[in-house]
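Numbering (the numbering used here), first residue to last: 9 to 486. The C-beta atom is built at its ideal place from N, Cα and C for all residues, glycine as well. Worksheet: the structure to be examined is printed underneath.
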Amino acid sequence: MPFLDTGRPASDTAAGGSGLDPRVVWLLRRARVTGESAKVRSASLSLDDEADVVLSQIERLEVQKASLEGRLVDAYAALHSVEEQQLARLTTSSPVPITADQVAVQEITCATGVGATEVARRMELAVAPRRHRVLRERLRSGAVSLQRALRIVVETRALGDEVVPDLEATVLAPAADGSVASHRLFSTRLQRCVRSADSRAAEERRRASAVRRTAYGRIVEDGMGTFTVVAPAERVVGVLDRVDALARAARAAGDDRSLDQLRSDLLCDLALLGVVPSRVGADADLGADTGATCSRLLSDVAPALVRIVVPFEVAVGLSDAACELPGHGWVTAAHARQIMTAPGSVWQRLAVDVDTGRTLELSTDRYTPTQGMVEHVRAVDGVCRGPGCQVPAERCDVDHLVPWPMGATHISNVDSLSRGCHNGKTARVWRVQRVDDDGISWTSLAGRTYVTYPKDWREALHDPGSGPPDRGDDPPPF
9 MPFLDTGRPA SDTAAGGSGL DPRVVWLLRR ARVTGESAKV RSASLSLDDE
59 ADVVLSQIER LEVQKASLEG RLVDAYAALH SVEEQQLARL TTSSPVPITA
109 DQVAVQEITC ATGVGATEVA RRMELAVAPR RHRVLRERLR SGAVSLQRAL
159 RIVVETRALG DEVVPDLEAT VLAPAADGSV ASHRLFSTRL QRCVRSADSR
209 AAEERRRASA VRRTAYGRIV EDGMGTFTVV APAERVVGVL DRVDALARAA
259 RAAGDDRSLD QLRSDLLCDL ALLGVVPSRV GADADLGADT GATCSRLLSD
309 VAPALVRIVV PFEVAVGLSD AACELPGHGW VTAAHARQIM TAPGSVWQRL
359 AVDVDTGRTL ELSTDRYTPT QGMVEHVRAV DGVCRGPGCQ VPAERCDVDH
409 LVPWPMGATH ISNVDSLSRG CHNGKTARVW RVQRVDDDGI SWTSLAGRTY
459 VTYPKDWREA LHDPGSGPPD RGDDPPPF
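Shown next, in the form of structure tokens:
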């Protein structure tokens, strides 16, 4: 905290006759008053109440900050209008070789020190009040941060003006329990909605990008390097899942390297040597055992598995809704149909409710969850059932909502929880209970309650732009 000069000398009595610097005296007085106020509050409020008070203050400040950011964007728009008028007066027989956008960005960058790229993104929002009217309204009311608003602006650049307002309203909608959508949920919605609304253009860009697939690398600091492989999404997902399975198998076999280290080492081993050297330990010589392979390690790990969820309407060409690669992102409808019809693809039927999009209930009761129960629970949940968490259910622990043996080992009492959410529940940082409509209620130490629900596997079908495609004379997908 900086020292603040009150401009008034402190009396010796106030400083205890010590002749302290007035700034020190001011800080001591403030600390004493703050401490006394804290004692009064602590005497009347519990820790839970205190947490709720502070959390409410944070919420209010975030709303005020967002509202102030809305005013900032309005000021950007006003400056842009002034700059346009100034440039118009400068125009003579030939147009001025600079735009109002450029002038305004330069003005703001020089005056504030904010980077030109950031200022340009804000200006893009400021000068499109009709296209981004939903964002502008939400900013003024403090309902969305400038950070989220600008991300939407960037991600929707390729979309038509008529699609953007509905898309923004969908992306900015609250979570299923009415709370603010988490960052992960917001990101997932934005990616899915853009893929659905721009399916045909995105498919054309994907095909053009496939021609430019490549691999490259560069040396970075500390003797390390990075490489990038640009390939079709399903191949990248397959590689990531395959190397992750190999890394986990190596850890289970006693390798003392971290999972991140193993993923790096194993991927390089396979690319350079075509095999995984049978070494254990981070200090093993890279070339000492290149002739031998850890055959058990390779044989025990299942082949790469790429899961994609394709609604029936998309599969038969009645919709162009984006389709999910669980845990990795979204692809266009055309790309999904290509993946599902590729040689060797295996289709698995996932029966869901037409209205809610939720996986239909099964009935089973065993002492320990069977593999079928685990697969069913993960299909129902889709992602971690913790508040705001979007970790794919495939990577989650299978947890008893009511701890065993008080709670039965039954699919009605078993849910998918990421390790972080699982640990928080076990430590009783959250109070958890089942509520109506298959919801799980989570109550924090501050007394805030959030409710999570099973995944709606048909959610993409309701996104803007995901309706029946206009195919003209195009042949059906099959």
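message: Can you tell me whether G390 is buried or exposed? The criterion is at least 16 other CB atoms within 10 Å of its CB, across all chains shown.
response: Counting from one through the sequence shown, the residue named residue 390 turns up at place 382. With 16 or more other Cβ atoms within 10 Å, it is buried.
Short of 7 Å in beta carbon distance, which residues of its chain neighbour D405, apart from the five on each side in sequence? Order them along the chain. Looking up residue 405 in the sequence shown gives position 397. L425, R427 and H430.
ask   = Just curious, the beta strand (DSSP E) that C397 is in, first and last residue?
value = Position 389 of the sequence shown, counting from 1, holds the residue named residue 397. Where C397 is concerned, there is no enclosing beta strand (DSSP E), given that its DSSP letter is neither H nor E.
Practice prompt. Mind the definition here: the region 134–147 touches the region 159–179 only if three or more C-beta pairs lie below 8 Å; say whether that holds.
Written response: yes
- Query: How long is the line joining the alpha carbons of S353 and E126, rounded to whole angstroms?
  - Reply: Position 345 of the sequence shown, counting from 1, holds the residue named residue 353. Position 118 of the sequence shown, counting from 1, holds the residue named residue 126. S353 and E126: Cα-Cα distance of roughly 44 Å.
Candidates Q93, A209, V61 and E77, of which the one nearest A341 by Cα: Counting from 1 along the sequence shown, the entry for residue 341 is found at position 333. Of the listed residues, the one whose Cα sits closest to A341 is A209.
Under three-state DSSP, which class holds I419? As a working note, residue 419 is residue 411 in the sequence shown. Note: I419 maps to helix in three-state DSSP.
Exercise. Grab the span of the alpha helix (DSSP H) containing A184 for me, first residue to last.
Key: As a first step, residue 184 is located in the sequence shown; it is residue number 176 there, counting from the start. For A184, there is no enclosing alpha helix (DSSP H), as DSSP marks it with neither H nor E.
With C-beta atoms as the reference, is L254 less than 8 Å away from P476? By one-based count along the sequence shown, residue 254 stands at place 246. By one-based count along the sequence shown, residue 476 stands at place 468. Not in contact: L254 and P476 (Cβ atoms no closer than 8 Å).
| message | Can you look up C331 in the DSSP assignment and give me helix, strand or coil? | response | Mapped onto the sequence shown, residue 331 falls at position 323. Strand.
Near Y224, what residues of its chain come up, given a Cβ to Cβ distance below 8 Å and the 5 sequence neighbours on each side ignored? Along the sequence shown, read from residue 1 onward, the residue named residue 224 stands at position 216. These residues qualify, in order along the chain: F235 and T236.
(Q) Going by DSSP in three states, D471 sits in which element: helix, strand or coil? (A) Locating residue 471 in the sequence shown gives position 463, counting from the first residue. In this structure, D471 counts as coil in the three-state DSSP scheme.
Inter-residue Cα distance where the pair is L193 and P105
Within the sequence shown, residue 193 is the residue found at index 185, counting from 1. Within the sequence shown, residue 105 is the residue found at index 97, counting from 1. Annotation: L193 to P105 spans about 43 Å, alpha carbon to alpha carbon.
On the premise that G365 lies in contact with D464, defined as a C-beta separation below 8 Å, what is that separation, rounded to the nearest angstrom? The residue labelled residue 464 in the question sits at position 456 within the sequence shown. The residue labelled residue 365 in the question sits at position 357 within the sequence shown. With a Cβ gap of about 3 Å, D464 and G365 count as contacting.
Separation of T196 from T164, as counted between CA atoms:
Here residue 164 refers to the residue found at position 156 when the sequence shown is read from its first residue. Here residue 196 refers to the residue found at position 188 when the sequence shown is read from its first residue. If I take the Cα positions, the gap works out to 14 Å.
- Taking the CB atoms as reference points, tell me whether V113 and A134 lie closer together than 8 Å. Walking along the sequence shown from the start, residue 113 turns up at place 105. Walking along the sequence shown from the start, residue 134 turns up at place 126. Not in contact: V113 and A134 (Cβ atoms no closer than 8 Å).
* Asked: Where do the N-terminal and C-terminal ends of the beta strand (DSSP E) with R439 fall, by residue?
  -> The residue labelled residue 439 in the question sits at position 431 within the sequence shown. Counting along the chain, the beta strand (DSSP E) containing R439 begins and ends at R439 to V443.
Three-state secondary structure (DSSP) at I66? The sequence position of residue 66 within the sequence shown is 58, counting from 1. The answer is helix: DSSP assigns I66 an H, G or I state.
* Please go through the same chain and pick out, in chain order, the residues whose beta-carbon is closer than 6 Å to the beta-carbon of E211, but skip the five residues on each side of it. => Translated into positions along the sequence shown, residue 211 becomes position 203. Within the same chain, E211 has close Cβ partners T340 and A342.
Coil, strand or helix - V318 by DSSP: Taking the sequence shown and counting its residues from 1, one reaches residue 318 at position 310. Coil.
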